[in-house]
Structure formats: structure tokens, C-alpha cells
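FYI, the numbering for the sequence shown is 20 to 166, going by the working numbering.
Note that beta-carbon positions come from the ideal geometry of N, C-alpha and C, so glycine has one too.
Comments concern the structure below.
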Amino acid sequence: MKYNPRVSSSRRKCRKAHFTAPSSVRRILMSAPLSSDLRNKYNVRSIPIRKDDEVQIVRGTFKGREGKVVQVYRKKWVIHVERITREKVNGTTVNVGVHPSKVVVTKLKLDKDRKSLLERKGKGRAAEKGKGKFTAEDVAQPLQDVD
Numbered sequence: 020m021k022y023n024p025r026v027s028s029s030r031r032k033c034r035k036a037h038f039t040a041p042s043s044v045r046r047i048l049m050s051a052p053l054s055s056d057l058r059n060k061y062n063v064r065s066i067p068i069r070k071d072d073e074v075q076i077v078r079g080t081f082k083g084r085e086g087k088v089v090q091v092y093r094k095k096w097v098i099h100v101e102r103i104t105r106e107k108v109n110g111t112t113v114n115v116g117v118h119p120s121k122v123v124v125t126k127l128k129l130d131k132d133r134k135s136l137l138e139r140k141g142k143g144r145a146a147e148k149g150k151g152k153f154t155a156e157d158v159a160q161p162l163q164d165v166d
């Protein structure tokens, strides 16, 4: 369902917008989910990936491997993780690109900007946690008034 009338739902236009996106937009699009313990700690589901984060690969041939992010290659929509390499025919080793959605962030490199981002995102989520939830006591209270 289309929510925003200013955003097209045309496949052609969406693909064009995606593949011609500037680096600042690609940063947001190249977000990676946080591990379950980090998710509970910060109340945040995903975060834009960054150079010195530690990640675990959860899909593909390198599934289960862990390492530090060496490079975020926005032009190619991939990240390079240390020790995730392959050997070329001429003998040189090259990093294998992994899409950020196929990894889980296990350890964050925190600086003041990243901390403020997590705080800002987490604050909104914390307010939503109790939203719309009823406990047994909440329901029982009005029923006693009816008698």
C-alpha cells in the first residue's frame, strides 16, 4: 500500500532512484541489523554500517564468519570484511564484497555522533514499547465497576 503521495510506486522510477542515489542516501540504504543483544540494549533494530564495526555474516558462502569492516564501498553497494577474501588467478588476494543486509552487527564503533543517533532512535522506540498494550489488571478494572 502506498502511504506517501509524493513517492512513486513505479518500478522503473524506484530502481532509478535507488541506483542513482547520492552517497549520503546510500549510507542510510546500506544499513545493517544489530545483533539481538545490541538490539535489546539500544532499542534499535538497524543502523548505517561503518568502517570499524564488527559483523557476522549470516547469508551466502561465508555464512557464520566474523570480522571487522575494512571498507564500506558505497559505489558498489557492498562492505569489505577482514579475512573475507579470495585468490585471483594471478595469485593476488582481493576482498569479497558482502551486502550490508546479509550481515549482523555484533560490536559497534561508538563516537559521540553514533551515540546520539542510537539515543535518538532508541528514545522513540522505547515510547512505542508500551503503546497499545493492555495488561490483565487494565482489563479487570473496568469489569469490576460494571458489577
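Starting from the Cα of V74, find the closest Cα among H118, D130, R46 and give me that residue. It is H118 whose Cα lies nearest to the Cα of V74.
Taking the C-alpha atoms as reference points, what is the distance between S28 and V108? When rounded, the distance between both Cα atoms is 44 Å.
With C-beta atoms as the reference, is A51 less than 8 Å away from V158? No. Outside cutoff.
Where V113 falls, given that 16 or more other Cβ within 10 Å makes a residue buried: Around the Cβ of V113, a 10 Å sphere holds fewer than 16 other Cβ atoms; the residue is exposed.
Residues in its own chain within less than 6 Å of G83 by CB, not counting five upstream and five downstream? Closer than 6 Å at Cβ, skipping near neighbours: no residue.
Assuming V89 contacts K121 (C-beta within less than 8 Å), just tell me the rounded distance between them. The Cβ separation is near 16 Å, so there is no contact.
Using only the alpha-carbon positions, how far apart do R133 and F38 sit? Between the C-alpha atoms of R133 and F38 there is a straight-line separation of about 26 Å.
Residues that DSSP places opposite H99 in a beta bridge: H99 pairs with Q90, G116.
Would you report the Cα separation of A40 and A145, rounded to the nearest angstrom? A40 and A145 have their C-alpha atoms spaced approximately 31 Å apart.
Considering A219, what are the terminal residues of the alpha helix (DSSP H) in which it resides? Outside the shown range of the chain (20 to 166) lies residue 219, about which nothing can therefore be said.
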